[in-house]
Amino acid sequence: MAVATETLSKGEERVMFSPSTKPTLSLWGLAFRRFLRHRAAVGGIIGLALIFAFVIVGSFAYTEAYANKPDVVNRLQAPSWLQDPPTWEHPMGTDSVGRDVLARIIYGGQISLIIGFLSVLIAVTLGAIIGAVSGYYGGSVDSILMRFTEAMIAIPSLFFLIIISKMLIGSIPNINLLGRSLSGSVPIVIFVIGIFGWMVEARIVRSQFLSLKQQDFVLAARALGVKDHSIMWKHILPNSIAPIIVFASLGLAVAILTEAYVGFLGLGVQEPTASWGNILNQALSYLNRAFAPQDFIHRGVWWLWLFPSLMIIFTVLCVNFIGDGLRDALDPRGLTK
Amino acid sequence: MKRIFAPSSILAILIVTAAWLAAACAPVAAPGPAAQATQPAVAQPTSAPAATAAPSTGGNKVITISYTQEANNLNPLYTNQWFTQNLFDLFLDNALITFNDKNEPLPWIAKEIPSIENGGISADGKVITFNLRDDVKWSDGTPLTADDYVFTYEMILSDKNTVTSRDPFESEVASVVTKDPHTLVVTFNEPYAPWMTSIFSRANSSVAIPKHILQPVFEKDGTLDNAEWNRAPTVGVGPFLFKEWETGSHLTFQANPDFWMGAPKADQIFFRIVPDDASQLAAIKAGDTDIGVFISPSDVPDLEKLGTVDIPKVQSGYKESWYFNMSTDPATMGNPALQDANVRRALVMAVDRNKITQELLYGLTKPALTFWDGMAQANTDIEPIPYDPEGAKKLLDDAGWKVGSDGIREKDGVKLKLRYVTTTREVRKNTQAIVQQEWKDIGIDSELINHPSDVFFASFGDKGPIATGQYDIAEWSNSPQFPDPNAVDWLCSEIPSDANPPGGNWEFICDKDLDALFQEQARTVDAKKRIELFKQIQKIIADQVYWVSIWDDPDLWTVSKKVTGVKFSGATPFWNAYEWDKME
Amino acid sequence: MSRYIIRRLIQSFFTILVITTVIFVVGRAAADPMAAYTNNPRITAEDKARIAHNLGLDRPLPVQYLTWLGDVARGDLGTSFVTHQKVSDMIMERLPATLALMISALIATVIVSLIAGVFAATHQYSAGDNLITAATFIGFSMPVFFIGLSLIFIFGVGFKAWGLPYLPTGTDIWDQNDPIEWARHLVLPVLTLTLIQAAGYTRYLRSSLLDVQHQDYIRTAKSKGLADRAVLWKHALKNASLPFVTVLGLDIALLFGGALVTETIFSWPGLGRLFWEQSNAGDFPVMMAILLIVVTLVVVGQIVVDVVYTFLDPRIKLA
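Protein chains in written order, with the working numbering: chain A, 795 to 1131; chain B, 10 to 593; chain C, 30 to 348.
Next up, the structure:
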């Protein structure tokens, strides 16, 4: 319980060390309690659960074949409840070949959420490990890892993306997952976004470690003979969780949007498979209609970018609030509040 | 030509920062100097860069053209880029032959178009004599003579120069000599039918460079690669003269009062580099630009409603096309079903191409009938392939492709599943989606593949997916050597392979009759006979369904209603720039 | 400290050397210098072989690399394959516009995110904080081209059509010797970049300020009776800015590379566009030169950031 020697006020120190009081809660147990008391964080959890429920339950309402079925005569129609007469046929309108946007948001969401969360997981893990090791050990370990990080920052990842797309010409087989045929480039996109996204986080985690490793509680832990890896992961990392969470929530948005950008290299999710990114991309071709003197509800094909954007923003906000709660919960100093 | 504007840019940083400090949360309030902006931007041409001497005309008819790509090199020997080549109509307008808005050849620096009748072409078709105008001068007063053309020819062939192309001077031309200062004689190895669009012709930007300026540079440097004139061609010939090039920003041309057809009506032509299509649209709507290039069909309905611009549709020879992989070599072969002309016909009959052009392209164009539509060589007797899904099913049934248990047709255990490959352009992706559904309805499965265009168009040597046969059906836009009908991509000898990696016959067609006809037309200098050959060629292509157009692909421009006299030609867009005028 | 810096500089030299080698090899695999000549029927195979020879591309790759390195050591960045201009001239032409845009955007970003971040942290979970959170994430989650184009169509096209004072779309003719004109043309691109960049800075600042608030020395300062404002600006902010400074250090180094999408949308003649357009045309010397400069700035920038850490947090010891 070395952590107790940190900055707790006297009263709490007594609680922690007194064997006679109620069963001692572990650090994680305490954190969990604090987390549940965090209103925004709970809201975030509920929000995220709703998003997942939407994309999963939704796929029972619409088949994937429906989501991918073009109907060119009814292309670029605004949401049908705004039309005259209002109907619920296409609640989010249709895309540039007349496919139903709601169905595509549902099926696209499955893909985009997988891409977003998995690639952020890869990036965050890599960044945290490299930053932590570099900042904690310092010296030549730091030199080597940071020079490598600099190289990764400096070499445009676009180069690697182009090379990968060239290598994969015509050789990406479709993969079958849960009875659905997915473009084989999905795992590649996840991998690529993850592998090229950790550098800034590594630098930030390193700076936190440089600062925290000189602080009293670490020095004390070390004096007590606590092992290095234990200090790193159990004591310092929770204290530098704040910027990691910021990074992860921003990274999630970046990952979902990056999938759309790499589509230009032939690397994105191959249509007709939907993703939030490729719905958004379609809107680009029609955005300039924003101020066209045409009927009001069709201006700027707003439904094509508004709905996927809202989904991305909502997802990222939920993750951010969960992150906020996590940060407050893991901050041992938060006890005094 | 470079101006140092660093001090003003630093000042600007300070001003912007100050504006931000004052209105960090209300950026809308930031445009302090907006009062100044209430007059139209085009009305302030005199504030445009004035680094060079004040214009002698003192006029202010500035025509602004937005350019989505920047010129790369103003020396015609060093560029093959459409955007750059158009500029030669302004400042290097010395092609012997140019083309008007109907794509008819016009004698330009040549006094008349050589023909066998007027003795300009020798009886064996191998020697062509051009008589040049003697009243044309470079902008520094030096006369333009046949020597300039001979010098250009020598520079193209010199190993010291990294020119982009020697075609056809290296392979077809035996010599280029002067008979007198205003007579140029070109001798070919064999009769060469497409000479009018390739030998000192504006159609392929084969224009002459000034010998009196560049010969000293070549003698001094040993090459023209780094000549200052390539970036700043201050000596030119034509209705407008080079004034300034600010890279990434703009290119300016000033009226030439001494132009041999009389001073042009406009005073300046200003090319603004606008790399983004949507930004170009903003410029057109805001009235910042008079002429816009490569307008997307999806923007046309809006621009028409705007009412301030005309939207000319200019035939440039390009047709959005389907090619079928006809290779029989296992390394490059596609689905064997495609070897059957009836299967190819069925694939086309299943698709309502008119619906695609009507919906996706807003009815601005329609499927072309032949590869040579819009040209004198087009064979208008050809029957178009109708939209007939039932007929398509029957053709497939008759060919032995029966519907299998999964709804997909098959024959001898081979599924009728096709790789439909194209680039990542939005309209092509949309087409793919629609076609995929229509094929599915008659029992054909398809996989859609999109490559970025540089990968898609890479050669066999660079492992390009089309050139190496990694497709069953490919879609891209192609044209003959417009406005000449010549096209080499159909020759058996052009099939790409390890022995011939740059080969351009990416559809792997090797039809003996077709091959012979293509070879014959290239040596037929007699225009009428050549037209007959092309009609036979088109008959074979149509009967065999070797090629199908999804739509005719004209260039769309916008021209402000303030600008008059603009007559674009598909081959030489700015050929009559001297007639352009602007109303205030 | 000075010994540390000298050692880092020596390391940097080798880092840059290794990175340029990798870039040379990888870049060559990604961008074919002959790409501009493919798919043109008028350029024959002989033409291509001849051009490759004249550009020295037919020599073995290591020889080409060493030649390039030798030229760079002599201060010569080479000549463009496409325009045949001196690369250094091409870069210098674009430099003023690039720096004007990137520096204004960075200054605006820092100011906005400092104000927003500090406000959000000091008013945690207030309506203002939540508003800032929502605004930053909306700015961050919208693709750049949406923000840029929307601004053009609203303030450039729309305002003009409605007879309001409007801003330039970036496609007009303007006098580049007039600082006021520069400023007018900078407003929308700077606003675009700020909307995107401010999100990250604001979030990092807010979260690390919240972290620092509970630390001993802040409490000590507060208990000594220092005014909240003084504690915040003198003590808390300094210590809380490690992530902020890390990101800033990187952005300053990368600012030289320009901002491709924003430059493209606003027709801004910056280095981002030069790099993108020339690499698409296979113009290897230009690509290498811009990357070399960016690499150097990144590497040197990281040394500066590390040194700045020790000022922000004296406990950090560099060794």
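Don't be surprised by glycine CBs; every beta carbon is placed ideally from N, CA and C. Here the structure is a predicted model, which is why all the values come from computation and not from measurement.
Other residues of its chain near residue i: CB distance less than 6 Å, five sequence neighbours each side excluded
i, result
"B/A46", "Low local confidence applies: a pLDDT of 34 at B/A46 is under 50, so the model's placement there is unreliable, with the coordinate-based value given in what follows. There are no such residues."
"A/G1060", "S959"
"A/I987", "S913, A1049 and T1052"
"B/Y332", "A483 and E516"
"B/N585", "K576"
"B/G478", "N334, S336 and T341"
"B/K375", "T366"
"A/I924", "L939 and A996"
Pair within 7 Å by beta-carbon distance, residue i and residue j
i, j, result
"A/L1074", "A/P1102", "yes"
"A/V866", "A/G892", "yes"
"B/A212", "B/A580", "yes"
"B/S210", "B/A104", "yes"
"B/V172", "B/L86", "yes"
"A/V918", "A/A1077", "no"
"B/L233", "B/M164", "yes"
Beta-carbon neighbours of residue i, restricted to chain C and to distances below 8 Å
i, result
"B/E79", "E306"
"A/F954", "V55 and A59"
"B/N82", "V111, T112 and H113"
Closer than 7 Å at the beta carbon, the chain B residues around residue i
i, result
"C/A318", "The contacting residues do not exist; C/A318 stays about 15 Å from chain B at best."
"A/K1007", "Neighbours of A/K1007 on chain B: none; closest Cβ ~37 Å, over 7 Å."
"A/G1057", "T433"
"C/L178", "A287"
Chain-ordered chain A contacts of residue i [CB-CB under 8 Å]
i, result
"B/I443", "P864, V866 and V891"
Chain-order list of residues whose beta-carbon lies under 7 Å from that of residue i (same chain, five-residue window excluded)
i, result
"B/P8", "No information on residue 8 of chain B is available, as it lies outside the stretch 10 to 593 that chain B covers here."
"B/L499", "A quick correction: the sequence has Trp, not Leu, at residue 499 of chain B. Here the set comprises N514, I518, L523 and F527."
"B/V159", "V185, V186 and T187"
"A/V836", "L830"
"B/I321", "According to the sequence provided, residue 321 of chain B is Pro. The question's Ile does not apply to it. Closer than 7 Å at Cβ, skipping near neighbours: W566, V568 and F577."
Closer than 7 Å at the beta carbon, the chain C residues around residue i
i, result
"A/R1121", "S236"
Contact list for residue i against chain B, beta-carbon separation under 8 Å
i, result
"A/I1066", "Per the sequence shown, the amino acid found at residue 1066 of chain A is Pro instead of Ile. Those within 8 Å of A/P1066 in chain B are A442, Q445 and L457."
Interface residues of chain C facing residue i [CB-CB closer than 9 Å]
i, result
"B/E179", "T73, E75 and D76"
"B/Y87", "V111, T112 and H113"
"B/N235", "T108, H113, Q114 and K115"
Cβ-heavy atom distance, residue i to the ligand MN, below 6 Å
i, result
"C/L261", "Judged by which ligands are present, the structure shown has none, so any question about the ligand MN falls away."
Contacts that residue i makes with chain A (C-beta to C-beta distance below 7 Å)
i, result
"C/D342", "S1005"
"C/F174", "L1078"
Chain-ordered chain A contacts of residue i [CB-CB under 9 Å]
i, result
"C/F400", "Summary: the structure shown does not reach residue 400 of chain C, with chain C confined to residues 30 through 348, and so no result is reported for it."
"C/V276", "V994, R997 and I998"
* Which residues, in chain order, does the segment 536 to 551 of chain B contribute to contact with chain C at a C-beta distance below 7 Å? -> Those would be none; no residue qualifies.
* Any 3 or more C-beta pairs closer than 8 Å across the segment 249 to 262 of chain C and the segment 237 to 255 of chain B -> Counting Cβ pairs under 8 Å, fewer than three are found: no touch.
* **Residues, ordered as in the chain, of the segment 1016 to 1027 of chain A that lie near chain C by beta-carbon distance below 9 Å** => Closer than 9 Å at the C-beta level to chain C, one finds no residue of the segment 1016 to 1027 of chain A.
* Tell me, please, whether the segment 1099 to 1117 of chain A touches the segment 844 to 862 of chain A by the rule of three or more beta-carbon pairs shorter than 8 Å. => Proximity of the segment 1099 to 1117 of chain A to the segment 844 to 862 of chain A meets the contact definition, three or more beta-carbon pairs being nearer than 8 Å.
* **the segment 155 to 172 of chain C: positions lying closer than 8 Å to chain A by Cβ** => Legend: CB atoms of the segment 155 to 172 of chain C lying less than 8 Å from CB atoms of chain A belong to residues T162, A163, F166, I167, F169, S170, M171 and P172.
* Asked: Is the segment 92 to 102 of chain C touching the segment 188 to 200 of chain B, taking contact as three or more C-beta pairs under 8 Å?
  -> Taking 8 Å as the limit for Cβ pairs, the verdict is that the segment 188 to 200 of chain B does not touch the segment 92 to 102 of chain C.
* Asked: Does the segment 536 to 543 of chain B come within contact of the segment 381 to 392 of chain B, defined as at least 3 CB pairs closer than 8 Å?
  -> When Cβ pairs closer than 8 Å are counted between the two stretches, the segment 536 to 543 of chain B is seen to touch the segment 381 to 392 of chain B, the count reaching three or more.
* Asked: Hey, is the segment 121 to 134 of chain B in contact with the segment 36 to 45 of chain C, meaning 3+ C-beta pairs nearer than 8 Å?
  -> Taking 8 Å as the limit for Cβ pairs, the verdict is that the segment 36 to 45 of chain C does not touch the segment 121 to 134 of chain B.
* Quick one, which residues of the segment 350 to 368 of chain B are near chain A if we go by CB-CB under 8 Å, in chain order? -> Here the close residues are K364, I365 and E368.
* Asked: With contact counted as at least three CB pairs below 8 Å, one residue from each stretch, are the segment 293 to 309 of chain C and the segment 120 to 135 of chain C in contact?
  -> Short answer: they touch.
* To do: With 8 Å as the limit, tell me which residues of the segment 276 to 290 of chain B have their beta carbon closer than that to any beta carbon of chain C; keep them in chain order.
  => Legend: CB atoms of the segment 276 to 290 of chain B lying less than 8 Å from CB atoms of chain C belong to residues F279, R281, I282, V283, P284, D285, A287, S288 and Q289.
* Asked: With contact counted as at least three CB pairs below 8 Å, one residue from each stretch, are the segment 223 to 237 of chain C and the segment 145 to 154 of chain C in contact?
  -> Contact between the segment 223 to 237 of chain C and the segment 145 to 154 of chain C is present, because at least three Cβ pairs lie under 8 Å.
* Asked: How about the segment 131 to 140 of chain C and the segment 266 to 275 of chain B: do they share at least three Cβ pairs that are nearer than 8 Å?
  -> No: the two stretches stay apart, fewer than three of their Cβ pairs being nearer than 8 Å.
* Within the chosen definition, does the segment 920 to 930 of chain A reach the segment 1001 to 1013 of chain A through at least 3 CB pairs nearer than 8 Å? -> Result yes; three or more Cβ-Cβ pairs closer than 8 Å.
* To do: Select from the segment 869 to 883 of chain A all residues with a C-beta closer than 8 Å to any C-beta belonging to chain B, and list them in chain order.
  => Result list: R869.
* Of the residues that make up the segment 199 to 210 of chain C, which ones have a beta carbon closer than 9 Å to any beta carbon in chain B? -> Per Cβ criterion, the list reads G199, T200, D201, I202, W203, D204, Q205, N206, D207, P208, I209 and E210.
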